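Numbering (my numbering), first residue to last: 18 to 279. Where is the CB? At the ideal position from N, CA and C, for every residue including glycine. Since the structure is predicted, the reported quantities are computational estimates derived from the model, not experimental observations. I have placed the structure first, in the form of structure tokens, so that the comments after it can refer back to it.
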Ligand SMILES: [Fe+2]
Ligand SMILES: [Fe+2]
């Protein structure tokens, strides 16, 4: 099975690109199942019911989130109403929503787990212990893990920790795609960061002039505004054998709206 994981979809330009292109992307790359990180899909971060519905209608099977999960107040209801949108499993147990989902496609039961890191992030429970406990109760042929974290060391450690126990581990949050995609010794596909799907000529999706000023003036705060322009699409495809649950091939994907591969 070919599973596409899409890096953080950022703001209107990013989500419009996904709405208008995901069908063609799925056909071109022969994708069977699609996971996308939606924590920045609303213009001010977070997600809304309307955006979640639109992403799922246009071909996203599971939406993962991150530190911006509750940036919009309505996210509490979005998470409670739709089990296909998951938030980090290692948020406190009272948090709305769930940290993983298992979907039966008819060919395989695909589990998706969302975790959040603790290095240079807000406080959370331990992602290592949380995923260890969750795996004991999961019945799935294929399991993919979105490790939403700042530090590559924490993501790599999670990749090795889960090697042979899950089909794939990918990182999100830093919005910059890493070139370290590979299959670990136990058969787990791994990439430290998928990158983002949003305006390319920006700093992580925010107008670059604002972020340059922020650093030039040593942290002076400006209102972040979304950038405008050409979108780039960033993600990774995991080819997984449903019988063994192992990744047999991994392919990093990145292209711009002006240079479509299809
Ligand atoms: Fe994030
Ligand atoms: Fe993000």
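request  = Could you tell me if the beta carbon of residue 56 falls within a distance shorter than 7 angstroms of some heavy atom in ligand 1?
outcome  = yes
key: Whole runs of the alpha helix (DSSP H) within the stretch 19-90, excluding any shorter than 4 residues   = 28-45, 66-74
Ranges of the alpha helix (DSSP H) found wholly within the stretch 214-278, counting only runs of at least 4 = 225-233
Check your reading: residues with Cβ closer than 5 angstroms to ligand 1 heavy atoms = 83, 84, 190
query = In angstroms, rounded to a whole number, what distance separates the CA positions of residue 48 and residue 134?
reply = 28 angstroms
inquiry  = My output table needs one value for residue 104: the three-state DSSP class, helix, strand or coil.
reply    = coil
query = By Cβ distance, which residues of its chain are closer than 7 angstroms to residue 173, with the 5 residues on each side in sequence left out?
reply = 209
message = Under DSSP, the beta strand (DSSP E) around residue 2 begins and ends at which residues?
response = Here the chain covers residues 18 to 279 and nothing more, so residue 2 does not appear.
message = Please list the terminal residues of the continuous beta strand (DSSP E) segment that includes residue 176.
response = Premise fails: residue 176 lies in the alpha helix (DSSP H), 169-178, not in any beta strand (DSSP E).
key: Expected contact under 8 angstroms - CB spacing of residue 98 and residue 56 to nearest Å   = Wrong, their Cβ atoms sit about 18 angstroms apart, outside the cutoff.
inquiry  = Less than 8 angstroms between the beta carbons of residue 27 and residue 214, yes or no?
reply    = yes
inquiry  = Any heavy atom of ligand 2 inside 7 angstroms of the beta-carbon of residue 25?
reply    = yes
ask   = What is the DSSP secondary structure of residue 152, counted as helix, strand or coil?
value = helix
ask   = Under a three-way DSSP split, which group does residue 201 fall into?
value = coil
query = For the stretch 247-260 against the stretch 221-238, are there 3 or more C-beta pairs whose distance is under 8 angstroms?
reply = no
inquiry  = So, at 8 angstroms on beta carbons, what are the nonlocal neighbours of residue 29 in its own chain, with the 5 sequence-adjacent residues on each side left out?
reply    = 60, 243
key: Sub-8 angstroms separation of residue 121 and residue 259 beta-carbons   = no
ask   = For residue 211, which of helix, strand or coil comes out of DSSP?
value = coil
key: Distance between residue 227 and residue 21 (C-alpha atoms, nearest Å)   = 32 angstroms
ask   = residue 146: beta carbon under 7 angstroms from a heavy atom of ligand 2?
value = no
Sequence-distant residues of its chain with Cβ nearer than 8 angstroms to residue 225 (five each side left out) = 218, 219, 244
request  = Please classify residue 137: does DSSP put it in a helix, a strand, or coil?
outcome  = coil
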